[in-house]
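Numbering (full-length UniProt numbering), first residue to last: 1 to 110.
Note that the Cβ used here is the ideal one computed from N, Cα and C, for glycine as well.
Structure representation (structure tokens):
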């Protein structure tokens with residue numbers, strides 16, 4: 001098991017708790033690094049694990065969803081949605097759905 005794989009596994013466990021999520025999202029580049037992993041097209045396993053961590057973060061915190069949006073997560077998720085493996089497509093679609101529900105709930109026209 002590679003070091004990157006181990007780190008992503010630890011992050012998955014960390015963000016499952018509120019304290020761990022605050023630690024990951026509170027660091028200067030925590031979310032940005034995870035979004036960067038989505039661009040590693042030669043490592044679909046890493047992409048899937050990073051998407052799992054991002055999905056957990058997005059599901060739990062409006063502030064973190066807004067941070068993700070400002071860091072450009074939507075464009076990073078488009079490639080896995082269109083051309084990724086089945087699990088990557090499912091996770092990327094799930095994150096986009098969470099982000100879109102947030103946008104719809106904040107839109108006064110709806």
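Residue range of the alpha helix (DSSP H) that includes residue i
i: residue 26; result: 18–26
i: residue 64; result: 62–70
i: residue 13; result: 3–14
i: residue 41; result: Looking at the DSSP string, residue 41 is not in any alpha helix (DSSP H), and its letter there is neither H nor E.
Alpha-carbon spacing of residue i relative to residue j, whole angstroms
i: residue 10; j: residue 104; result: 33 Å
i: residue 40; j: residue 2; result: 15 Å
i: residue 24; j: residue 54; result: 10 Å
i: residue 88; j: residue 74; result: 14 Å
i: residue 52; j: residue 42; result: 18 Å
i: residue 26; j: residue 44; result: 26 Å
Per-residue burial, residue i [other beta carbons within 10 Å of its own, 16 or more giving buried]
i: residue 92; result: buried
i: residue 6; result: exposed
i: residue 58; result: buried
i: residue 36; result: exposed
Would you be able to state if there are at least three C-beta pairs under 8 Å between the segment 77–97 and the segment 43–55?
yes
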